[in-house]
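In my numbering, the protein residues as written are -4 to 338.
Here's the structure, in structure tokens; my notes come after.
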Amino acid sequence: MKSKGRLEELDALRGLAALAVVFFHYTTRYEELFGHEKSSYISFKYGSLGVDLFFMISGFVIFMTMLRTKSIKEFAQKRALRLYPAYLIAVILTFILVKLYGLEGREVSVFEGIFNLTMLQGFIPGIKHVDGAYWSLTIEITFYILIGCIIFFGLKKKIFAVLSTWLIVSFLIQEFYILTNGQIIFKFLLIYLISSYSHLFIAGVMFYLIREKAEIKYYLILIGCLINQYAFNDLIPSLVTTSFFFIFFLMINDKLNILKIKPLGFLGAISYSLYLIHQNLGYIAINIMERNGLVSEIYLLIPVGISIIIATFLTFYIERPIIKYYSIKMKRNVKIKEVISNI
-4 MKSKGRLEEL
6 DALRGLAALA
16 VVFFHYTTRY
26 EELFGHEKSS
36 YISFKYGSLG
46 VDLFFMISGF
56 VIFMTMLRTK
66 SIKEFAQKRA
76 LRLYPAYLIA
86 VILTFILVKL
96 YGLEGREVSV
106 FEGIFNLTML
116 QGFIPGIKHV
126 DGAYWSLTIE
136 ITFYILIGCI
146 IFFGLKKKIF
156 AVLSTWLIVS
166 FLIQEFYILT
176 NGQIIFKFLL
186 IYLISSYSHL
196 FIAGVMFYLI
206 REKAEIKYYL
216 ILIGCLINQY
226 AFNDLIPSLV
236 TTSFFFIFFL
246 MINDKLNILK
256 IKPLGFLGAI
266 SYSLYLIHQN
276 LGYIAINIME
286 RNGLVSEIYL
296 LIPVGISIII
306 ATFLTFYIER
316 PIIKYYSIKM
326 KRNVKIKEVI
336 SNI
């Protein structure tokens, strides 16, 4: 399958998704956890769906990476090289800041902090995330494991059958989970087969396949993904997620050139670091500001700005140099832009 090349619009979508999550956490989520000093504070509740967009982007990009990867070892190295450098710094920095400030309800033990360095805490019941935003990394890693299995068992050419089966099984698991009032076996399958999110990754893959060669069967799977979405989610979030499908359709047909602007490209470049660093750091900043009378929504630009500055430093002065160094050390043909474009 011949690739048509990288889409700049993906970077813009990453940036917008990250920013949506940031504003969700600083408005709606902060209100839930701590309560803003100002009454009738603005809410950005559907900003949390930026994570859904991330998952769709991941399906698109990781599938593209899989096609260019010769072995499961190479795939694992690329994923580790992409995920860990910024993550390790973010975990350490967030842990220290929360410990020093004493952010109520967000502290974790030293053991939990150390275990978080593995990025595997989400797979172990009872171990908390250093930052709540890290929950999505557990979902991502599970998807990577699936892709790794596809590579290992030589199933690249049977990707349609694999993903179709995953989608159907995910639907059935969610249905039986509801019908059995959360029976433990279905709860286990729901979590470890990421059944609630599988349709988003699958949709991303289908859009990639449609971009390469439009076939009816791919559109049918997209319809199946939407059925899954509406069957187990509320109407408004489902409508927002449906809009992501339309955005992807426009993107693969080169109808989103409006997104090809440098500020959005920059946001996309730092989106991973921004996602990792923003939440608890922002909560601390908002807490300090509101205790000192800075209660207007306009002051949210301060924690947003701080998070962007730190994310920029992490991206360009830690993450990218490390990626470059280890890419050369491993003597592999790993292009920096290829690695950092994959989430």
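Just so you know, even glycine gets a beta-carbon here, dropped at the ideal spot from N, CA and C.
Span separating the alpha-carbon of residue i from that of residue j
i                 : j                 : result
glycine 10        : threonine 23      : 20 Å
methionine -4     : lysine 257        : Here methionine -4 scores only 44 on pLDDT, less than 50, and its place in the model should not be relied on; the value that follows carries that caveat. Distance between the alpha carbons of methionine -4 and lysine 257: 30 Å.
isoleucine 338    : tyrosine 270      : With a pLDDT of 47 at isoleucine 338, under the threshold of 50, the modelled position of that residue is not reliable, and no figure is offered here.
serine 238        : lysine 324        : 42 Å
tyrosine 213      : phenylalanine 240 : 13 Å
phenylalanine 155 : serine 34         : 51 Å
cysteine 144      : lysine 153        : 12 Å
glycine 54        : leucine 95        : 38 Å
leucine 309       : phenylalanine 19  : 22 Å
histidine 194     : cysteine 220      : 5 Å
valine 56         : isoleucine 231    : 27 Å
isoleucine 417    : arginine 286      : In this structure the chain extends from -4 to 338, so residue 417 is not present and cannot be described.
isoleucine 16     : glycine 149       : In the sequence under discussion, the amino acid at residue 16 is valine, which differs from the isoleucine named in the question. So the two alpha carbons sit approximately 36 Å from each other.
arginine 206      : lysine 151        : 17 Å
phenylalanine 243 : valine 235        : 13 Å
glycine 42        : isoleucine 146    : 34 Å
leucine 2         : threonine 137     : 25 Å
serine 322        : isoleucine 313    : 14 Å
arginine 101      : leucine 115       : 18 Å
glycine 108       : leucine 185       : 26 Å
tyrosine 294      : lysine 123        : 30 Å
valine 164        : glycine 288       : 52 Å
tyrosine 139      : valine 46         : 16 Å
valine 347        : lysine 208        : The first residue shown for the chain is -4 and the last is 338, placing residue 347 beyond what the model contains.
aspartate 249     : isoleucine 218    : 22 Å
asparagine 228    : glycine 177       : 16 Å
Contacting residues, own chain, Cβ-Cβ under 7 Å from residue i (five flanking each side not counted)
i              : result
glycine 127    : Gln274
glycine 121    : none
glutamine 224  : His194, Ser233 and Thr236
isoleucine 211 : none
Pair within 8 Å by beta-carbon distance, residue i and residue j
i              : j                 : result
leucine 141    : glycine 117       : no
glutamate 32   : valine 299        : no
isoleucine 247 : phenylalanine 311 : no
isoleucine 197 : isoleucine 216    : yes
leucine 112    : valine 86         : yes
threonine 64   : phenylalanine 70  : yes
leucine 162    : glutamate 4       : no
isoleucine 134 : phenylalanine 29  : no
isoleucine 279 : leucine 98        : yes
leucine 262    : leucine 14        : yes
isoleucine 281 : threonine 307     : no
isoleucine 283 : serine 302        : no
valine 125     : leucine 158       : no
threonine 60   : lysine 68         : no
threonine 160  : leucine 276       : no
lysine 251     : leucine 245       : A small fix is needed here, since residue 251 is leucine in this sequence, not lysine. Closer than 8 Å, so yes.
leucine 76     : leucine 48        : no
Start-to-end residues for the alpha helix (DSSP H) that takes in residue i
i                 : result
tyrosine 267      : 257 to 286
leucine 132       : 130 to 147
alanine 7         : 3 to 19
lysine 68         : 67 to 96
aspartate 229     : Neither: aspartate 229 is in no alpha helix (DSSP H) and is coded neither H nor E.
tyrosine 25       : 25 to 28
proline 316       : 315 to 324
serine 53         : 45 to 62
isoleucine 199    : Per the sequence shown, residue 199 should be read as glycine rather than isoleucine. Start and end: 193 to 207.
asparagine 111    : 105 to 111
isoleucine 253    : That residue, isoleucine 253, is in no alpha helix (DSSP H); it is neither H nor E in DSSP.
glycine 158       : Here the sequence assigns leucine to residue 158, which means glycine is not the residue at that position. Taken as a continuous stretch (DSSP letters only), the alpha helix (DSSP H) holding leucine 158 covers 154 to 174.
lysine 182        : 179 to 187
phenylalanine 346 : The requested residue 346 does not occur in the structure, where the chain is confined to residues -4 to 338.
Own chain, CB closer than 6 Å to residue i, minus 5 neighbours either side, in chain order
i            : result
glutamate 27 : none
alanine 226  : none
valine 103   : Lys123 and Val125
Neighbourhood of residue i by C-beta distance below 8 Å, restricted to the same chain and skipping five residues each side
i              : result
isoleucine 119 : Phe110
isoleucine 84  : Leu309 and Ile313
threonine 175  : Phe181
isoleucine 52  : Leu5, Leu8, Arg9, Ala12, Gly199 and Ile338
Quiz item: Is it a yes or a no for the stretch 167 to 182 touching the stretch 36 to 43, going by three-plus beta-carbon pairs under 8 Å?
Solution: No, the stretch 167 to 182 does not touch the stretch 36 to 43.
Quiz item: Counting pairs of Cβ atoms below 8 Å between the stretch 159 to 173 and the stretch 188 to 196, do you hit three or more?
Solution: In short, these stretches touch, since the Cβ pair count reaches three.
Quiz item: Are at least three pairs of beta-carbons, each pair with one atom in the stretch 315 to 322 and one in the stretch 75 to 86, less than 8 Å apart?
Solution: As far as the Cβ criterion goes, the stretch 315 to 322 touches the stretch 75 to 86, which means the pair count is three or higher.
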